[in-house]
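To start, the structure itself, in structure tokens.
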Amino acid sequence: MFSLLFALFLAVSAENPVCQSRFDTEEELYKSITLNCDDISVRRRYLQKYGLCISEEGIDIIEEKNVVVVEELDCANQLEGIEFFFRNKKLCSRSVTFFPSKKVFVLKNKGKVRSVPENWRHIDTQETMLFYDSTAKFEEMSDTTGQILAKNDDGVFTNRLGKVVHPEFIYSNGSWEKVFPLRELFYLKINRKDSFEVRIITENSLPAEKKELFELLDIKADAAEEPVFAPSSCSVKGKGLKGIRIPKTDYVTDTESEQGTYKISLFYPELQKKEAVRSKTENYELEILFSDGKLEAALTVFAKKLAPEEVLNIRALLNREIPAFFVQAAK
Numbered sequence: 000m001f002s003l004l005f006a007l008f009l010a011v012s013a014e015n016p017v018c019q020s021r022f023d024t025e026e027e028l029y030k031s032i033t034l035n036c037d038d039i040s041v042r043r044r045y046l047q048k049y050g051l052c053i054s055e056e057g058i059d060i061i062e063e064k065n066v067v068v069v070e071e072l073d074c075a076n077q078l079e080g081i082e083f084f085f086r087n088k089k090l091c092s093r094s095v096t097f098f099p100s101k102k103v104f105v106l107k108n109k110g111k112v113r114s115v116p117e118n119w120r121h122i123d124t125q126e127t128m129l130f131y132d133s134t135a136k137f138e139e140m141s142d143t144t145g146q147i148l149a150k151n152d153d154g155v156f157t158n159r160l161g162k163v164v165h166p167e168f169i170y171s172n173g174s175w176e177k178v179f180p181l182r183e184l185f186y187l188k189i190n191r192k193d194s195f196e197v198r199i200i201t202e203n204s205l206p207a208e209k210k211e212l213f214e215l216l217d218i219k220a221d222a223a224e225e226p227v228f229a230p231s232s233c234s235v236k237g238k239g240l241k242g243i244r245i246p247k248t249d250y251v252t253d254t255e256s257e258q259g260t261y262k263i264s265l266f267y268p269e270l271q272k273k274e275a276v277r278s279k280t281e282n283y284e285l286e287i288l289f290s291d292g293k294l295e296a297a298l299t300v301f302a303k304k305l306a307p308e309e310v311l312n313i314r315a316l317l318n319r320e321i322p323a324f325f326v327q328a329a330k
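Numbering (numbering that gives the first Met the number 0), first residue to last: 0 to 330.
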């Protein structure tokens, strides 16, 4: 009988007048939220008052007095919650997150979204969910933090200070969209008159001196200009390239996220056309295209972290299909 009464109570608790408006009579709580929205004690105070209003599994979004409240009841990933309880002999948790004055924010994708305010929309991806106010105005090329970014022809995003950043969502052409910024690039082109160009974009540190850079890449050439360095990138031009190491995308385990695009582009006569190579899972897509004089490999990582077996497969395909060196035969 207790279980039935408990279930009935949960079912009607959301209709309780206390649950209809959160901040009308709770001015002190409202002030605490606007001043210390991330404070765990403030979140616990909210749950003490309104926890029983969160009675169904999933996510509910509420907006009151310019504060967006995310209420969540979770019986699958319950240890990530704040307030814990048992339901039908299963451990569940409630949690709440506040976004004062926010018109766009990102949450971890945990499943069902039960309700959002009429003017709010959301975009689901494999690992995250973007929520935004459809009536709000956003700056072109802004990210979810509000900073305005620039994107170059290679697909690299930079902020106003010129620092390379890796946004997950961008507001572009009047709507929010998921993006996969370029994180790594190796570009080699041998031109007709024996001139060459090398461009590198990487998250790894690059030598700041020509000698060390040439040693790292094993560059041998008749003549080469001084490298041109920019944030997370460099380029080298010259003539009579005799040889160069072609680096492959490496796997660094301490990065916060691996989402993004990785490319290797080679242009020189010795490359021959053959069948394309493709590999795809829900976490990544790798495509290597061949034509006479050209090889283009593009890896797009959709997940924040790849499984070890996926990394091994990517490495194996890159090592098999892409030469380790360019060597110019003696004329």
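Where is the CB? At the ideal position from N, CA and C, for every residue including glycine.
- Lys241 is the residue among Lys241, Leu298 and Glu309 whose C-alpha sits nearest the C-alpha of Phe324.
- Residue pairing from DSSP places Glu183 in a beta bridge opposite Tyr261.
- Counting only runs of at least 3 residues, the region 18 to 88 fully encloses the following beta strand (DSSP E) elements, listed from N- to C-terminal order: 57 to 63, 66 to 73 and 82 to 86.
- Taken atom to atom, the span from the alpha-carbon of Val17 to that of Glu55 is near 17 Å.
- Taking C-beta separations shorter than 6 Å and ignoring five residues to either side along the sequence, the partners of Leu216 in its chain run Ile243 and Arg244, following chain order.
- Lys30 is classed as exposed because its beta carbon has fewer than 16 other beta carbons within 10 Å across all chains shown.
- The C-beta distance from Ile313 to Leu288 rounds to 16 Å, too long to meet the 8 Å contact threshold.
- Runs of the beta strand (DSSP E) lying entirely within the region 123 to 183 and spanning at least 3 residues, in chain order: 127 to 132, 168 to 171 and 174 to 177.
- The straight-line gap separating the alpha-carbon atoms of Lys64 and Leu78 is approximately 30 Å.
- When Thr127, Pro230, Glu70 and Thr201 are compared, the shortest CA-CA separation from Phe97 is found for Glu70.
- Per DSSP, Glu202 has no beta bridge partner at all.
- A direct Cα-to-Cα measurement between Ile200 and Val326 gives close to 22 Å.
- For Ser114, the beta-bridge partners assigned by DSSP are Asp59.
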